[in-house]
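> Protein chains in written order, with the numbering used here: chain C, 623 to 1005; chain Y, 37 to 300.
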Ligand code: SF4
Ligand code: SF4
Ligand code: SF4
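1. Specify which residues have a beta carbon nearer than 7 Å to any heavy atom of ligand 3, listing them in chain order.
2. Could you check which residue in 153/Y, 93/Y, 286/Y and 139/Y has the C-alpha nearest to that of residue 255/Y?
3. Contact check, residue 170/Y vs residue 251/Y under 8 Å by CB: the rounded distance?
4. Any Cβ of chain Y within less than 8 Å of the Cβ of residue 1005/C?
5. Just to confirm before moving on: does the CB-CB distance between residue 923/C and residue 896/C stay below 8 Å?
6. For chain C, check one thing: does any of its Cβ atoms lie closer than 8 Å to the Cβ of residue 41/Y?
7. When we look at the beta-carbon of residue 280/Y and count the other beta-carbons within 10 Å, is it buried (16 or more) or exposed?
8. Can you name the residues that DSSP bridges to residue 44/Y?
9. Tell me which residues share the same chain as residue 127/Y and place their Cβ nearer than 7 Å to its Cβ, disregarding the 5 neighbours each side in the sequence.
10. Quick one: is residue 651/C buried, meaning 16 or more other Cβ sit within 10 Å of its Cβ, or exposed?
11. In terms of DSSP beta bridges, what is residue 1017/C paired with?
12. Mind pulling the alpha helix (DSSP H) runs of 4 or more residues that sit fully within the segment 836-877 of chain C?
13. Which value, in whole angstroms, describes the spacing of the CA atoms of residue 945/C and residue 642/C?
14. Less than 8 Å between the CB atoms is what I'm expecting for residue 668/C and residue 743/C, so what's the real figure, rounded?
15. Which value, in whole angstroms, describes the spacing of the CA atoms of residue 787/C and residue 813/C?
16. Compare the Cα-Cα distances from residue 284/Y to each of 137/Y, 52/Y and 148/Y and report the closest residue.
17. Using only alpha-carbon positions, find the residue among 102/Y, 193/Y, 75/Y and 99/Y that is nearest to residue 90/Y.
18. Look at the alpha carbon of residue 819/C and the alpha carbon of residue 709/C, and state the distance between them as a whole number of angstroms.
19. Identify which residue in 837/C, 840/C, 846/C and 830/C has its Cα closest to the Cα of residue 811/C.
20. Counting only runs that start and end within the segment 932-959 of chain C, where is the alpha helix (DSSP H) found for 4 or more residues in a row?
21. So, for residue 779/C: in the same chain, excluding its five sequence neighbours on each side, which residues have a beta-carbon less than 6 Å away from its beta-carbon?
22. Taking a contact to mean a Cβ-Cβ separation below 8 Å, would you say residue 628/C touches residue 824/C in this structure?
23. May I have a chain-ordered list of the beta strand (DSSP E) segments no shorter than 3 residues that lie completely inside the segment 89-144 of chain Y?
24. For ligand 2, any of its heavy atoms closer than 7 Å to the Cβ of residue 279/Y?
25. Please check if any C-beta of chain C sits within less than 8 Å of the C-beta of residue 100/Y.
26. In angstroms, rounded to a whole number, what distance separates the CA positions of residue 797/C and residue 803/C?
27. Residues of chain C with CB closer than 7 Å to the CB of residue 201/Y, please, in chain order.
28. Nearest to residue 699/C by CA position, among 960/C, 674/C and 722/C, is which residue?
29. Would you say residue 285/Y reaches chain C, if we count a Cβ-Cβ gap shorter than 8 Å as a contact?
30. Pull up the CB-CB distance for residue 226/Y and residue 979/C, whole angstroms please, since I reckon it's below 8 Å.
31. When you measure from the CB of residue 686/C to every non-hydrogen atom of ligand 1, does any distance come out below 7 Å?
32. Roughly how many whole angstroms lie between the Cα atoms of residue 782/C and residue 799/C?
33. Is the beta carbon of residue 880/C closer than 8 Å to that of residue 738/C?
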């Protein structure tokens, strides 16, 4: 068999999917992907095919999520869940280095890099867009060694969404549902018009090498057409919409819009939106010395602009009100992110909408401000 | 090295159940290094050997419910360099602060055969209502890791890492699936002080708020959600009236529910 090359399109039968997984495990990858746990489809390590959410989907709306059975045995018949891939590249808690006492001084012991590469199985178009964003975020003045060490060796296996959730708006953000070129392998699950199968498109030589260890055949001409139809159908089913035109100037230009006060009254400041968001990257560090003081570990953990303490500068928080914190989040995400990182910080995945316990929906907030950009506060002074 | 210069530690009990003090004894592996670094001068729960003050660190458990204790805490404060309150009773008045919402006179008459033998205050109040407090550890009971962090910080003269943000952030860092969103289970996590590591949601239970209010809680934003999940007003009131019933933000929440539904 001639080796496959970038751009090749091949068909993988569902019945051969276990061999695909085996090729990943045998290739030395730690395979992580969707799995059912605690009443949701989360991301976790996959050790056998049965770990995949076969025949499962979810129903989600603002502030609510329920696991639900499908009528078929699709492997990827769902959309986004509570977790995003950032938890692997930018872990919730990570030791950065350790300091050990040495005479009257100390020495720094760097963190060894993790030798096992990840295979990310089931990244959606919005997830890949988020990855491009965090790649830039963690490569500012100094590249983050932990993030880039894991990122450089991670295999990205994209899966095209077969439907959109009511909270999805990747079409508005220009990030999906079609998957561009930023993947090693791209899978489109085809459930009709023949046996249960996948169209596999090769995006990199690493992806090609993996696929060459799996039984596949050149894609019949009907399969790429069927895959295009999947994308079109999903695009037509977007549950949410956000018109990004002029949003940057709208938000930056209206810090005193009354809508900020309205949303702040509903917002818990609980941080769930930022934790669920695949591009939110705020963190804090803490020093954890032992009781004797001869060894101290430096840890980084996820933090959030919704925390009062997060904006604590010389003596007091500079964003003391919930209003100023919500405004900071949305304005950074949709406006100043463009200036800082050259794109919007939002990829339209809808996680912040579903996982906000009190149904706050950024698309609705933006729409309200677009509808009446020059509204002024009539009662009370903004806090 | 153990020696005469070790900081002296005292543990004090007021109206409480002893559970927070027991957390100290629960620090099995770390107990020896602690005993090595500090002199445990006064800890009735652990040793009958009691040393006189002054003390470098006083850990205070329990709330003030009787006049004698209001005087005793002042003496302890006067003898302590660092005074740290531990647990819901000491930091907010505890479950016994439910009396603050009721008529203590009536309790006395109903519960005790000879109420005239009983001298009690009308309220259960946190230690900070009586004397200045240097640091507090929340929880019912406190979390062992936070106790060790605090002692380590005092010993090395640094600020302790005791984040006052919400339980939700701990839930998310731990990878828990939100029970409020994915199960419709009432949860106080969004308004509750972090520190427990989001234990209850990890076991599919809603947070009971045993660490009390977070740094910037917005209970008014949570009430409509809890109502939408089917909680009746009397259930909602009780939800906020447990271990930290008298903490101002939780008290305001239960009172706003009560005011809306009128007198019982
Ligand atoms: S802001 Fe919300 S919709 Fe946008 S990327 Fe983040 S979680 Fe997804
Ligand atoms: S927008 Fe929602 S999820 Fe985000 S902090 Fe506010 S209440 Fe929490
Ligand atoms: S389970 Fe409770 S504490 Fe955890 S994220 Fe949901 S609301 Fe917050």
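Every residue, glycine too, gets a C-beta built ideally from N, C-alpha and C.
Let me lay it out:
1. Per the CB criterion, closer than 7 Å to any heavy atom of ligand 3, the qualifying residues run in chain order as 892/C, 894/C, 979/C, 202/Y, 203/Y, 204/Y, 207/Y, 208/Y, 212/Y, 214/Y, 215/Y, 216/Y, 217/Y, 223/Y, 225/Y, 226/Y, 234/Y, 237/Y, 242/Y and 243/Y.
2. With respect to the C-alpha of residue 255/Y, the residue from 153/Y, 93/Y, 286/Y and 139/Y having the closest C-alpha is 286/Y.
3. Going by Cβ atoms, the distance from residue 170/Y to residue 251/Y rounds to 18 Å, so no, they are not a contact pair.
4. Model confidence at residue 1005/C stands at a pLDDT of 49, short of 50, so the residue's coordinates are unreliable; what they give is reported in the following sentence. Taking Cβ atoms only, chain Y never reaches closer than 8 Å to residue 1005/C, which makes this a no.
5. Not closer than 8 Å, so no.
6. no
7. buried
8. 75/Y
9. 121, 162, 172, 174 and 248
10. buried
11. This structure cannot settle anything about residue 1017/C, because the visible part of chain C is limited to 623 through 1005.
12. 844-858 and 869-875
13. For residue 945/C and residue 642/C, the distance between alpha carbons rounds to 49 Å.
14. 7 Å
15. Rounded to the nearest whole angstrom, the CA to CA distance from residue 787/C to residue 813/C is 19 Å.
16. Measuring from the Cα of residue 284/Y, the nearest candidate turns out to be 137/Y.
17. 75/Y
18. 30 Å
19. 846/C
20. 944-953
21. Counting only Cβ-Cβ distances below 6 Å, and skipping sequence neighbours, we find 743 and 807.
22. yes
23. Complete beta strand (DSSP E) runs here, min 3: 91-97 and 116-122.
24. no
25. Residue 100/Y does not count as touching chain C.
26. The straight-line gap from Cα to Cα measures roughly 12 Å.
27. Within chain C, the residues placing a beta-carbon under 7 Å from that of residue 201/Y are 893, 929 and 931, ordered along the chain.
28. 674/C
29. no
30. 6 Å
31. Incorrect: residue 686/C has no Cβ contact closer than 7 Å to ligand 1.
32. In a straight line, the C-alpha of residue 782/C is about 7 Å away from that of residue 799/C.
33. The answer is no: Cβ separation not under 8 Å.
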